[in-house]
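Here is the structure we will look at, set down as structure tokens.
Protein chains: 2
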Amino acid sequence: MVRSTISLDEVDRRILRVLQRDGRIAVTLLAEQVGLSATPCLRRIRRMEDAGVIARYTAVVEPARVGLPIQAFVQVALSSHAEEVASAFHKALAAREEVVAAYAMSGGMDYMLYVVAADFEAYADFALKALLRMPGVKETRSSFVLMALKPPGAVPV
Amino acid sequence: MVRSTISLDEVDRRILRVLQRDGRIAVTLLAEQVGLSATPCLRRIRRMEDAGVIARYTAVVEPARVGLPIQAFVQVALSSHAEEVASAFHKALAAREEVVAAYAMSGGMDYMLYVVAADFEAYADFALKALLRMPGVKETRSSFVLMALKPPGAVPV
DNA sequence: CCTGAAATTGCCGCTAA
DNA sequence: TTAGCGGCAATTTCAGG
């Protein structure tokens, strides 16, 4: 995955739409759907993979069905934004598997986390014993997911 | 994708870990990595697909590389929680492609959205002209993603 | 278009309730 | 003895040159 910027034409975008909908589709079928034969279609896919447009392929696992029904968004503010503090915090986040996604944010709170847990006890353990004790953490605010209206879906390309 | 609950053994969990890391891996290879032959491995995959444990497969597209560098989390509060208002709001959300994910939440704000846009103007158009005018919307609070520390990753199975 | 590899299916054997 | 699970082999379909 190289970091170059590439331009995408309408066919590339159609490929992306199909691959976001079904990441395991056979290239042969995909090619048909976008009006190409397999070879050039595969070339375009590889090109987008190499350019980092397609970061990876993944199976989308339903957390609730694998024993992780608690899902929360957690906003975190740090007390210091010194390089060492931030990078220690990043390292601490990376080490916790229940943190499925983490973003540095603009605005009042510095970070947004997406966290999964088996139950409230496990979540409380994470929030109180792990997160609040991570380097530089000043304040956290958790909101729990009640329902996914639109499960993480396709980027509009 | 049926809605039954199934139990997963350690082999199933290993399959899920591999498929989350590489959603396009060949079943043959996957089978090797989890210590099975292809046939039972594929059977387990199908079983998890049917049970909704694996919701789908997808290509993970980097928004910034397809011309959508603005990414925001938006919290939304509704002025009414009447059935009709909520469902009209859900419908309005569903119709907007820039809303990549949407959740009903506990706590102060009723919804959390993940939104992508081509630039601030497009984002402002969405926030001011679309979102604020959706049925029942009382208040919104946008935070912009500065950096993805941990890009949406694997659920710990 | 062609060749090797992968996906998928039918069938059989083993093991444990 | 039967339900559940794994493997082998044959067939169809796909990947990649």
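Listed in order, the protein sequences are those of chains U and A. In case it helps, the UniProt record's numbering puts the first sequence at residues 1 to 157. In case it helps, the UniProt record's numbering puts the second sequence at residues 1 to 157. The beta-carbon is built from N, C-alpha and C at its ideal position, and this holds for glycine as well.
- Take G23 (chain A), set aside five residues on each side of it, and the residues of its chain with a beta-carbon closer than 6 Å to its own are Y57, in chain order.
- Between the segment 26 to 39 of chain A and the segment 54 to 72 of chain A, the count of C-beta pairs closer than 8 Å stays below three; the two stretches do not touch.
- A residue is called buried once 16 or more other Cβ atoms fall within 10 Å of its Cβ, and P156 (chain A) is buried on that count.
- DSSP places R56 (chain U) inside the beta strand (DSSP E), whose first and last residues are I54 to V61.
- Straight-line spacing of the CA atoms in Q20 (chain A) and A59 (chain A) works out to 11 Å.
- Shown in chain order are the members of the segment 37 to 61 of chain A whose Cβ falls below 8 Å from a Cβ of chain U: A51, G52, V53, I54, A55, R56, Y57, T58, A59, V60 and V61.
- Q33 (chain A) is outside the set of residues whose beta carbon lies under 8 Å from a beta carbon in chain U.
- Nearest C-alpha to R46 (chain U) among U:Q33, U:D12 and U:A77: U:D12.
- Taking a C-beta distance under 8 Å as the contact criterion, M105 (chain U) and Y114 (chain U) do not qualify as a contact pair.
- Going by beta carbons, S143 (chain U) and A72 (chain U) fall inside the 8 Å limit.
- Assignment of T28 (chain U) by DSSP, reduced to helix, strand and coil, places it in the helix class.
- Taking 8 Å as the threshold, the shortest C-beta distance from Y103 (chain U) to chain A falls below it.
- DSSP, read as helix, strand or coil, puts A86 (chain A) in helix.
- Judged by pairs of C-beta atoms under 8 Å, the segment 133 to 140 of chain A touches the segment 86 to 103 of chain A, as three or more such pairs exist.
- By the CB criterion at 8 Å, A148 (chain A) and Y123 (chain U) fall outside the cutoff.
- For I45 (chain U), the enclosing alpha helix (DSSP H) stretches over residues A38 to D50.
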